[in-house]
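Going by the numbering used here, the residue at position 125 of the sequence shown is 585; the numbering climbs one at a time, nothing skipped.
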Amino acid sequence: LRAGTWSDPMLQDGLGELGGRTVGLVGYGAIPRLLAPVLVALGCRVIYTARTPRDDAVGEWRTLEALLAESDVVSLHLPLTPETTNLIDAPTLKRMKPGAVLVNTARGGLVDQAALLDALRSGRLAAAGLDVFTQEPTDVADPLFQLPNVVVTPHIAWLTSGTFDRSFSLAAENCRRLALSVISDFGSMELRVLPVSMSVAMLVISGDLLPVRCQLDESSGRGAPREVDAGTLPGTPSTPVTRWALLSKA
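So, in structure tokens, the structure goes:
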């Protein structure tokens, strides 16, 4: 409209709907848990991949290979680790359904951008939506920006006033939990217990952060863990222990 043009009927072949499409979610953390029901409400069939199937997941679990072959839209929701770096590379892109769309709002390093460029230019992929890039800020001369079948945004999917409000609230809550933590000394080892919920705490043992299941004793007024299943810690007893008395360094 700003250019003085109106809709062109010839563009119809390049447009589509989410309804009736299969959307594959790579990763099933907090964001995909919220996104999946919305996609279902829009008429999508949702499949997902994670290390193991989730009992409470909305959608059907698939291996990554099966998800790529079935999905009309593949959406990435993973952290960037040595294991996930360039997870979507040239061989992986070839496993995707011809004409599929790739959406990456997670981390740029998950995708081999050179391979993605080739897949988009060749028509193997229909389109891509990218909010993150391997290098940020990204060079405006990036060839991906020149393609008509790529939608790009400058890493702003998280940038809302609501996100800032929640971030500040979360930071304050983390400070509160840290203030409620319990510190005990075992010789040269310091043990800090950081309550997370009524059933989970984080142990910081000599700088290592380890999650454990526990029961919190609210009667102390400090939210201190009363009983911990130390079997999750290497070198510690496999039975629940009370007040850390039996905890020892691995």
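For each residue, glycine too, the CB sits at the ideal point set by N, CA and C. Note that the structure is predicted; figures quoted are calculated from it, not measured.
query: Rounded C-alpha distance that separates R505 from V486; result: 14 Å
query: C-alpha gap between A490 and A496, whole angstroms; result: 10 Å
query: C-alpha distance - S627 paired with A601, whole-angstrom precision; result: 33 Å
query: Proximity to V518 [Cα-Cα], best of G568, L538, P492; result: P492
query: Residues near F605 in its chain [Cβ-Cβ closer than 7 Å; skip 5 each side]; result: V612
query: Whole-number beta carbon distance between L580 and V561, since they are thought to touch under 8 Å; result: Actually they do not touch by this definition, with Cβ atoms about 10 Å apart.
query: Nearest-angstrom Cβ-Cβ length linking L478 and L461, presumed shorter than 8 Å; result: About 24 Å; that fails the 8 Å criterion.
query: Within 8 Å, strictly: CB atoms of R426 and L553; result: Outside the displayed span of the chain (461 to 710) sits residue 426, for which this structure offers no information.
query: Nearest-angstrom Cα separation, counted from P513 out to C674; result: For C674, the predicted structure reports a pLDDT of 46, less than 50, and the residue's modelled location is therefore unreliable. The matter cannot be settled from this model.
query: Integer-rounded CB distance, given that D532 should sit under 8 Å from R567; result: Actually they are not in contact, since the Cβ atoms of R567 and D532 sit about 23 Å apart, beyond 8 Å.
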